[in-house]
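Colleague: Everything in the sequence shown is counted per our numbering, starting at 9 for the first residue and increasing by one.
This structure is in structure tokens; I'll ask about it shortly.
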Amino acid sequence: MSIADLQRAAQRRLPPSIYGYVHGGSEDQTAMQANRDAFSRWRFLPRPLVNVSQRRFGVTLFGRRYNAALGISPMGVAGLCAFEGDLALARASYEAGIPFVLSAASTTPLEKVVQANPDMWYQGYLPADHHVIEPLLHRVWNAGVKVLVVTVDVPIASARENELRNGFSIPLRLSPRLVFGGMIRPHWLMSTFAQTLVKRGIPHFENFTAQRGGPIIAAAKGDHRAGRAAMSWNDIALIRDRWPGTLLVKGILRAQDAQRARTLGLDGIFVSNHGGRQLDGAVAPLDALPEIVASAPGLTVLLDGGVRRGTDVLKAVALGAHAAFIGRPAMYGLAADGQRGVAQALALLTREIDVDLALLGCPDIADLNPAYLCRADLPVSTEPTQLNALTPGVAATAF
């Protein structure tokens, strides 16, 4: 009935080490918790006696019309959650009519994923090496991908103590905890692990560069993050110059960086702290959103981090996001029931968006603005100027 139900189902089906990878954050996991807490600081100011018999909650992003202001963020090694996990995510999102971003840390060749979802976006972890960047751009474009997302908040590996304690690492090593965890989850062992080995062999990282990467179960031959610590805005400028399609950066939390992206001619940004999986203590994307939106007019702003309900999507859109993207909820659905589980997660959130719009008294999601919200920790005001004073950087909007 909810994403929380899918989370519990995923926890029952996945080995503890893999569930810990999907569910956890870095260090003390305070950034991950802050992402959820940020949504609870906002309350709705619903409008009664509005005709909401017909609701519209679709959105146009980069010339393409989607069925909801919702998307699936890039998530690595989805094949650990279900057999051919990348394809399951791609197919479910395409059938639901929402955007899907394929992670560079995926184990299905992007050319095969494009066949399952011709509208997919590609997310790259790019080093400051033009000899790596340019061939990859050619490969992605020739595959038919038109939207490129460059993640910029992973210069080096974060300290994910939760994963280390559970015996999880990338590349995977057959630690005692990992092996034992697989043995106590026989359904996963047969439907995911064994089926993958029999039908596909040992998975490889297929999409980090223009060439096939190494197997996911191997001793590391150099960190796949190598070279990213030197990446700068100059490299983003080069990518903009070389990439003929739509270009976004993911991992923006400062207004100045949003302005820089706009100046360089980027088409959009993801306001994101990597789901709390990188810098622990980083500001929650929802808290950073209003100032970023105000600082970069004309830039498509997407948000991910902490979205679990349709009300979360509406709050993000009311504060200026064009759409909100999910990561863990899609992985929970994938682990629970493969492609059907992902479809269920999307259906749950889409239904909630529809119902919540009606209850809010806003029949068109495009009309959402900060006047529909008030801060839970401050006195309620229905005066537009006072209300928007609670949202730094957002211009006052009249009722």
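The beta-carbon is built from N, C-alpha and C at its ideal position, and this holds for glycine as well.
When you compare only the Cα positions, how much space is there between Met9 and Ala332?
Modeller: Straight-line Cα distance between these residues: approximately 20 Å.
Colleague: Using the beta-carbon count (16 or more within 10 Å), is Thr68 buried or exposed?
Modeller: Around the beta carbon of Thr68, fewer than 16 other beta carbons lie within 10 angstroms, which makes this residue exposed.
Colleague: Assuming Gln286 contacts Ser166 under a Cβ cut-off of 8 Å, what Cβ separation, rounded to an integer in Å, is found between them?
Modeller: 5 Å
Colleague: Do you know whose CA, among Glu360, Ala353, Ala42 and Val279, lies nearest Thr319's CA?
Modeller: Comparing Cα positions, the closest option is Glu360.
Colleague: My output table needs one value for Ala90: the three-state DSSP class, helix, strand or coil.
Modeller: coil
Colleague: How many Å lie between Arg147 and Pro107 at the Cα?
Modeller: One C-alpha to the other measures close to 21 Å.
Colleague: For Gly235, which residues of its own chain have a beta-carbon under 6 Å away from its beta-carbon, when the five flanking residues on both sides are left out?
Modeller: Pro135, Ala136 and Asp137
Colleague: With a CB to CB cut of under 7 Å and the five nearest residues on each side skipped, what residues in its chain are close to Gln15?
Modeller: Tyr340
Colleague: CB-CB under 7 Å to Asp275, same chain, minus the five flanking residues each way: which ones, in chain order?
Modeller: Phe70, Thr254, Leu255, Leu256 and Thr308
Colleague: What does the Cβ neighbour count give for Val388, buried or exposed, with the cut at 16 atoms within 10 Å?
Modeller: exposed
Colleague: Measure from the alpha carbon of Trp241 to the alpha carbon of each residue in Arg270, Gln203 and Arg63, then state which is nearest.
Modeller: Arg270
Colleague: For His330, tell me which candidate among Pro337, Leu294 and Ala344 has the shortest Cα-Cα distance.
Modeller: Leu294
Colleague: Excluding five sequence neighbours on each side, which residues of the same chain lie with their C-beta closer than 8 Å to the C-beta of Glu171?
Modeller: Ser25, Gly28, Tyr29, Gly32 and Ser177
Colleague: Once the 5 residues before and after Asn59 are set aside, which same chain residues still bring their CB inside 8 Å of it?
Modeller: The residues are Pro371.
Colleague: Have a look at Ile210, Gly221, Leu322 and Ser280 and flag the residue whose alpha-carbon is nearest the alpha-carbon of Val158.
Modeller: Ser280
Colleague: With H, G and I counted as helix, E and B as strand and the rest as coil, what does DSSP make of Trp196?
Modeller: Trp196: helix per DSSP, three-state reduction.
Colleague: According to the Cβ coordinates, are Ala290 and Ala17 closer than 8 Å?
Modeller: no
Colleague: Report all residues from its chain with a CB closer than 6 Å to the CB of Leu354; omit the five preceding and five following residues, and keep chain order.
Modeller: Ala104
Colleague: Under 8 Å by Cβ, that's how I've got Ala77 and Gln347 pegged, so tell me the actual separation to the nearest angstrom.
Modeller: The pair is not a contact, with the Cβ atoms about 22 Å apart (cut-off 8 Å).
Colleague: I'd like to know if the stretch 38-48 and the stretch 186-205 are in contact, where contact means that at least 3 CB-CB pairs between them fall below 8 Å.
Modeller: Contact between the stretch 38-48 and the stretch 186-205 is absent, because fewer than three Cβ pairs lie under 8 Å.
Colleague: Counting only the same chain and skipping the five closest in sequence on each side, list residues whose C-beta sits under 6 Å from that of Leu322.
Modeller: If we look at Leu322 and ignore the five residues flanking it on each side, its Cβ neighbours are Asp364.
Colleague: Buried or exposed: where does Arg72 fall if 16 or more other Cβ atoms within 10 Å of its Cβ makes it buried?
Modeller: exposed
Colleague: Could you tell me which residues DSSP puts in a beta bridge with Thr68?
Modeller: Arg73
Colleague: Helix, strand or coil, according to DSSP, for Leu256 in the structure here?
Modeller: Assigned with DSSP and collapsed to three states, Leu256 falls in strand.
Colleague: Would you list, in sequence order, the uninterrupted alpha helix (DSSP H) runs of no fewer than 4 residues that lie entirely inside the stretch 304-352?
Modeller: 318-326
Colleague: Three-state secondary structure (DSSP) at Leu356?
Modeller: helix
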